[in-house]
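Residue numbers (this note's numbering): 3 to 573.
All C-beta atoms in this analysis are idealised placements derived from N, C-alpha and C, irrespective of residue type, glycine included.
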């Protein structure tokens, strides 16, 4: 019972952290909004009460395990939270969209239009605010439009959702009036600017805030990607394009136009696409769930992180087969990577797990992004954007060339490291080896680690464990976590010359670098007292960290042991 309560206690602490941070920027605009905010604040109060109560109960249970306790008050408090959450979500009302008189839409000093999907968007001024006037393509399906607008009406209190002001007319054309997004879409932004990792974390965290709000009012977006995130002048992301948005209990929207969304779709929905031509199997399509949305959010994070469309060089069939087999986009962390990038990529890995049940909830993802923001972004004041065209121009301000003084031989361009990784995945070991060799020759330690793997396995080169060990050590001492793990285990493979002290040293180095395999091995070692003094708490902590990084043996062990691993934060 103590263990179960401690797990509950840990979960409640994480919920408190989520509630304290996720609501940033939400403001009250009417009585319904006040009710939502009040209910949310009451949830926070109930949450804090439970945390304090749990502390007392855990302390009593530790002091006297035979004490009989009445848990009725705790159960009542939990029921209060569930009821309050239902009240927060139950904000539906039959409303008509607000009408804006055409005379209220003023012209800007400059005539500005933008091309949207199938429509021309005009910039106007409404109540001293810049707004975007988007034509309604068809008024035929009034019911669908009213549902669309009803959803938009629900979302106006959240600053991370594009604000809808109402319906109006421009030159007898029906338009929807939204707030103006100066930087267009997030895709437009990353195509035109080099975005710093600090900015990426800030943007990702705020998008996650918006998603958390959507989920709190029982709405799934269905079509998450950078093209559907609008960016304001102050770099605030706004989730937009709710053509596919629906409530949790609404019928699943048919995937007709999957060409535009397949790059971000979860494998369980790709399985539906595979069976589109089979009427019997199509009827049994998996519903679009929160877990599907979490996967798409992970793909959006990858798109933002690497500033390009996922699988942009693959065919639709290629994407489908690749993802269904467990394949993903490359997380090329590289040599001496930015520490933000490493943690950011770990979050992506969690979100795009092949098994829906293994993907963390939006609350956990938000807390991880908030931690990343607090650790690396808060109060640092890094510049957010560097225009790509300006970067290119700045490299050629002064034309100084040593070839004017000394003749230089021709130089063969390096094969991109990612191509070597792709060749290895395709078992084209000769091509991969040549790529790794090129990069190793210029001192790339990650490439030397890969050379070590090839010597260890005998891929394209003759097996040479001694050479492999040398390369692993060189890369390990340079901070490559995978090399640290392999070098540690090379020390165990030396029969009578086993060096347990060095083994532990390098394994712990890899664990400190958040290597999942190192975390798993240290976890089992502490759990069962292998080469270290037995410490079950430390062992479980390591296993939880490994599980959060998607390490399958750790996840299986914790699940079989009924230990929650989606919450590793200690009080």
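Item	Value
Drop a sphere of 10 angstroms on the beta-carbon of residue 2, count the other beta-carbons inside from all chains shown, and report buried for 16 or more, exposed for fewer.	Here the chain comprises residues numbered 3 to 573, so residue 2 is not present and cannot be evaluated.
Quick test of your reading: residue 350 and residue 217, contact by CB under 8 Å. State the CB separation rounded to the nearest angstrom.	Contact doesn't hold; Cβ gap of about 19 Å is too wide.
Does the separation of the CB atoms of residue 527 and residue 521 fall below 8 Å?	no
Hey, residue 179 and residue 135: beta-carbon distance below 8 Å or not?	yes
Since residue 299 is in the alpha helix (DSSP H), which residue starts that stretch and which ends it?	292–308
Classify residue 511 as helix, strand or coil using the three-state DSSP reduction.	helix
Specify, as a first and last residue, the run of the alpha helix (DSSP H) that residue 194 falls within.	188–194
Could you give the distance in angstroms between the alpha-carbon of residue 106 and the alpha-carbon of residue 169?	12 Å
Taking the straight line between their C-alpha atoms, what separation do you get for residue 199 and residue 233?	17 Å
Residue ranges of each alpha helix (DSSP H) run of no fewer than 4 residues wholly in the segment 157–217, ordered along the chain?	188–194
With DSSP as the reference, identify every bridge partner of residue 136, one or two as the case may be.	178
Applying the 10 Å Cβ sphere with the 16-neighbour rule, what's the burial state of residue 395?	Since pLDDT at residue 395 reaches only 42, below the 50 mark, its modelled position is unreliable, and no value is offered.
Is residue 330 helix, strand or coil by DSSP?	coil
Identify whether residue 501 lies in helix, strand or coil by the three-state DSSP scheme.	coil
Taking all protein chains shown into account, decide if residue 187 is buried (16 or more other Cβ within 10 angstroms of its Cβ) or exposed.	buried
Have a look at residue 479 and residue 271 and give me their C-alpha separation to the nearest angstrom.	43 Å
Can you tell me the Cα-Cα spacing of residue 529 and residue 540, whole angstroms?	7 Å
Between which two residues does the beta strand (DSSP E) holding residue 128 run?	122–128
Distance check for residue 523 and residue 345, CA to CA, integer angstroms please.	20 Å
Between residue 423 and residue 451, is the Cβ-Cβ spacing less than 8 Å?	no
Taking the DSSP output, what are the residues bridged to residue 116?	123
Using only CA atoms, which one of 221, 197, 213 lies nearest to residue 237?	197
Let me know if residue 454 comes out buried or exposed under the rule of 16 or more other beta-carbons within 10 Å of its beta-carbon.	buried
Please determine, among 367, 184, 159, 241, the residue with the shortest C-alpha to C-alpha distance to residue 124.	184
In chain order, what are the residue ranges of uninterrupted alpha helix (DSSP H) at least 4 long that sit wholly in the segment 453–490?	467–479
Could you tell me which of 266, 361, 565, 438 sits nearest to residue 449, measuring between CA atoms?	438
Taking C-beta to C-beta, are residue 295 and residue 226 nearer than 8 Å?	yes
Tell me whether residue 103 is buried or exposed, calling it buried when 16 or more other Cβ atoms sit within 10 Å of its Cβ.	exposed
Let me confirm a value: residue 160 is counted as buried when at least 16 other C-beta atoms fall within 10 Å, else exposed. Which label applies?	buried
Ignoring anything shorter than 4 residues, give me the alpha helix (DSSP H) runs that lie fully in the segment 511–555, in order along the chain.	518–530, 538–550
Based on Cα-Cα distance, which residue from 563, 554, 446 lies nearest to residue 335?	446
Would DSSP call residue 370 helix, strand or coil?	helix
Among residues of its own chain, excluding the 5 on either side of residue 548, which ones have a beta-carbon nearer than 7 Å to its beta-carbon?	518, 521, 522, 525, 556
Taking Cβ positions, are residue 489 and residue 508 nearer each other than 8 Å?	yes
For residue 398, does the count of other Cβ atoms within 10 angstroms reach 16, so buried, or fall short, so exposed?	Low local confidence applies: a pLDDT of 44 at residue 398 is under 50, so the model's placement there is unreliable, with the coordinate-based value given in what follows. The residue in question, residue 398, is exposed, as its Cβ has fewer than 16 Cβ neighbours within 10 Å.
Leaving out five residues before and five after residue 71 in sequence, what residues of the same chain have Cβ atoms less than 6 Å from its Cβ?	Note that residue 71 scores a pLDDT of 39, beneath 50, so its modelled location is shaky; the value from the coordinates is reported in the next line. Result list for residue 71: empty, nothing under 6 Å.
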